[in-house]
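J.:
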Amino acid sequence: MTLSAWSNSKNNTTAGTQYGYIESAYLGSYPGGLGVRNQDYASTGAGDYSERNSPGHSMDNASYNATSGGNYTSGSKTANVGLRSDSILLDFGAGNIAKLDTLTIGWWKGDADIFVLAYTGTGTPNFTTPSSSVGYADLLNSGWKVVRSDNSANYMDMGKGAQASTNSSTYVAAAVNNANISARYWLVGALSSAFYSGADVNADNVKLAGVSAQITKIPEPGNLALLVGALASGVWLRRRKG
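Counting in the working numbering, the sequence shown runs from 1 upward without gaps.
#1: Measuring CA to CA, which of A194, L139, G33 is closest to G210?
#2: Identify whether S168 lies in helix, strand or coil by the three-state DSSP scheme.
#3: Just the C-alpha distance for N96 and I218, rounded to the nearest angstrom, thanks.
#4: Starting from N103, trace the beta strand (DSSP E) both ways and give me its first and last residue.
#5: Would you mind listing the beta strand (DSSP E) stretches within the region 131-186 that are 3+ residues and don't spill past its ends, in chain order?
#6: Under a Cβ-count criterion, where at least 16 other Cβ atoms within 10 Å of its own Cβ denotes burial, should N8 be classed as buried or exposed?
#7: Between S212 and D91, is the Cβ-Cβ spacing less than 8 Å?
#8: DSSP on N11, reduced to helix/strand/coil?
#9: Just list the residues that DSSP pairs A115 with in beta bridges.
#10: Can you list, in chain order, the residues of its chain whose CB lies under 6 Å from that of Y136, leaving out five sequence neighbours each side?
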């Protein structure tokens with residue numbers, strides 16, 4: 001499994017807007033799991049100035065800028081919730097499809113709402129091309145599917161362990177994908193207004209600590225067991241019989 005980081009910070013020069021396109025970001029291993037910093041993390045102007053600070057190094061949807069202080073305080077973003085979201089792309093490799101069963105959120109702060117999508121289109125996801133102009137709102141029209149039977153992309157309150165804990169023994173896996181979708185590519189991200197228009201005003205800041213999936217080798221099923229390189233990065237993957 002290969003993991004990569006993404007955020008809708010491309011051409012998104014104003015903090016608090018969701019209209020940027022998805023571009024590559026920086027995946028980091030931290031106490032409590034994997035986090036994401038977008039390409040604005042070193043900026044001191046408009047954008048995600050808070051990406052340089054905790055909890056901006058997590059997979060988050062905060063969008064503070066320098067003029068508003070740039071520092072995470074109470075965890076409330078009011079109207080900015082879900083507008084600018086980090087995400088992690090899971091690629092299970094050529095010739096494999098995976099039925100995601102659970103995700104484990106490790107460290108989290110403020111709130112822990114996420115979205116989960118599976119790619120059932122052809123080829124590779126179009127936002128991974130550097131020249132692309134694709135936002136989160138475009139994904140459901142370009143090969144991505146929701147994986148909940150109620151046709152929602154969102155999972156609320158996925159932080160099942162104590163807030164801001166780096167003790168992995170307290171983390172709890174949470175079930176996802178009751179629609180039983182299988183795909184090579186999966187996208188997991190902090191809650192985005194592209195998929196959720198509710199009145200949640202809490203900042204979501206999460207780190208991905210674990211994944212459980214049933215993997216099938218194409219064209220024939222196989223029982224796969226291997227040590228994933230991501231283990232060294234703080235993420236574990238449990239493969240079940242396919």
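Backbone N, C-alpha and C fix where the C-beta goes; we use that ideal spot for every residue, glycine too.
T.: The structure says:
#1: Closest in alpha carbon position to G210, among A194, L139, G33, is G33.
#2: Of the three classes helix, strand and coil, the one that applies to S168 here is helix, per DSSP.
#3: Computed Cα separation, rounded: 6 Å.
#4: Per the sequence shown, the amino acid found at residue 103 is Leu instead of Asn. Where L103 is concerned, the enclosing beta strand (DSSP E) stretches over 96-110.
#5: The qualifying runs are 144-146.
#6: When all chains shown are included, N8 counts as buried.
#7: For S212 and D91, no; Cβs fall outside 8 Å.
#8: Three-state DSSP puts N11 in coil, outside helix and strand.
#9: Here residue 115 turns out to be Phe, not Ala, going by the sequence shown. Under the DSSP definition of a beta bridge, F115 partners with N154, G189.
#10: In its chain, beyond the 5 residues on either side, N8, S192, A194 have a beta carbon closer than 6 Å to the beta carbon of Y136.
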